[in-house]
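Participant: The sequence shown: position 62 = 62 (UniProt numbering), numbered continuously.
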Amino acid sequence: MNTSKTPPPASHGQVTQRRVVHRTRGQGHGPITRLMSPSDLGRFLKPFVFLDIFDMDLRRGPGNRMPIHPHSGIATVTVLTQGRMNFEDPDAGSGTLDYGGVEWMRAGGGVWHGQEMSPADVPRVQGFQLWLALPQELESSQPESRYIEASAMPRSGPAHVIVGEYDGVRSPVPAWGGVNYLLVTLRPGEAWTYQPPAGHTVGWMAVASGTVDAGESLLAGEVAVFEDGQAAIALRNGGDADAVFVLGTAVPHQHELHLGSYSVHTTAQALKTGEQRIADLHAKLLAAGDRRTAAGTVPVYR
Numbered sequence: 001m002n003t004s005k006t007p008p009p010a011s012h013g014q015v016t017q018r019r020v021v022h023r024t025r026g027q028g029h030g031p032i033t034r035l036m037s038p039s040d041l042g043r044f045l046k047p048f049v050f051l052d053i054f055d056m057d058l059r060r061g062p063g064n065r066m067p068i069h070p071h072s073g074i075a076t077v078t079v080l081t082q083g084r085m086n087f088e089d090p091d092a093g094s095g096t097l098d099y100g101g102v103e104w105m106r107a108g109g110g111v112w113h114g115q116e117m118s119p120a121d122v123p124r125v126q127g128f129q130l131w132l133a134l135p136q137e138l139e140s141s142q143p144e145s146r147y148i149e150a151s152a153m154p155r156s157g158p159a160h161v162i163v164g165e166y167d168g169v170r171s172p173v174p175a176w177g178g179v180n181y182l183l184v185t186l187r188p189g190e191a192w193t194y195q196p197p198a199g200h201t202v203g204w205m206a207v208a209s210g211t212v213d214a215g216e217s218l219l220a221g222e223v224a225v226f227e228d229g230q231a232a233i234a235l236r237n238g239g240d241a242d243a244v245f246v247l248g249t250a251v252p253h254q255h256e257l258h259l260g261s262y263s264v265h266t267t268a269q270a271l272k273t274g275e276q277r278i279a280d281l282h283a284k285l286l287a288a289g290d291r292r293t294a295a296g297t298v299p300v301y302r
């Protein structure tokens, strides 16, 4: 994605803002739509390397659950935009996540997961799962998981600060510096301007529901990439219903991406080490037998 020929930034009211230089609806498969992968947009938006939006109609039965699968070298961030999910983990407690709540998992040197949350008694669950490429000093670190209920997630105006720090508000998610990830709801006609911190030249957003004017009209199910730079991102709800979206900005990840099936690392050797750790964990996971909790969840295996 070459943005060097992008026209000068447009004006949104009195605010000079970054222009949208790419937009896509991704590729859907059942209840999941892949909006970003490490082999496409993730190469340009790293440390943001992967984004799914999921939308499950639970009235059709429980057949949409993810299989247990591994990761290494990344952190995953799951936020809900509709519905509720229950969690139960001997190391991380139990509770319920809804709009504004977060599941954070730093896979580090390797984990197996996929069923650590189960739908609550709701007809529909919608949300985003994001992968962040870990800094080199953390890519082989000890894994950790956090489940943070909505009541503990801080806000600045219409934005829940999911990862990072914005407008003097810091997320309780134990991430490294240089990354912001926000969950935002704008009411009909409401405008909001985000000024990225210094060095956050990477920027994008994805719409869960409603319509957002970002210099051009963005619809539900779309991800939009902003030109590189430090200018503000000025947004307005352009529809007659609430607009719900996530927005990410960051200091660029400085390493090439070395990709496995479920892993992202900064070097070929780190990838090899991560995949070996995943294989070793798998043998132990099989030997552990049925780990399902009374709530129907299967805790992350570290």
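Where is the CB? At the ideal position from N, CA and C, for every residue including glycine.
Tell me the DSSP secondary structure of LEU281 in three-state form.
Facilitator: LEU281: helix per DSSP, three-state reduction.
Participant: In its own chain, which residues sit with a C-beta less than 6 Å from the C-beta of GLY248, not counting the 5 before and 5 after it?
Facilitator: Within the same chain, GLY248 has close Cβ partners PHE48, TYR181 and TRP204.
Participant: Please indicate yes or no: does the CB of VAL298 lie closer than 6 Å to some heavy atom of the ligand PLP?
Facilitator: Annotation note on the ligand PLP: not contained in the displayed structure, which lists no ligands.
Participant: Hey, is the region 110-125 in contact with the region 274-284, meaning 3+ C-beta pairs nearer than 8 Å?
Facilitator: Yes, they touch.
Participant: On the three-state DSSP scale, how would you describe THR193?
Facilitator: It is a strand residue.
Participant: Is the separation between the beta-carbon of PRO123 and that of ARG84 shorter than 7 Å?
Facilitator: Going by C-beta atoms, PRO123 is not nearer than 7 Å to ARG84.
Participant: Please tell me whether VAL173 and TRP104 are closer than 7 Å, where the distance is taken between their beta carbons.
Facilitator: Their beta carbons are under 7 Å apart, which means VAL173 touches TRP104 by this criterion.
Participant: Taking buried to mean at least 16 other C-beta atoms within 10 Å of its own C-beta, is GLY13 buried or exposed?
Facilitator: With a pLDDT of only 43 at GLY13, under 50, the local geometry of the prediction cannot be trusted, and the value read off the model is given with reservation. Label assigned to GLY13: exposed.
Participant: List the endpoints of the continuous beta strand (DSSP E) containing GLY42.
Facilitator: That residue, GLY42, is in no beta strand (DSSP E); its alpha helix (DSSP H) goes 42-45.
Participant: For PRO299, which of helix, strand or coil comes out of DSSP?
Facilitator: Residue state, collapsed to three classes: coil.
Participant: Measure from the alpha carbon of ALA234 to the alpha carbon of each residue in ALA214, MET153 and GLU222, then state which is nearest.
Facilitator: Selected option, being the one with the closest Cα: ALA214.
Participant: Tell me which same chain residues have a C-beta within less than 8 Å of the C-beta of ILE162, skipping the five on either side of it?
Facilitator: Hits under 8 Å: VAL77, VAL79, VAL102, MET153, SER171, VAL173, TYR181, LEU182, LEU183 and VAL246.
Participant: What is the residue span of the beta strand (DSSP E) that SER145 lies within?
Facilitator: Its beta strand (DSSP E) spans residues 144-148.
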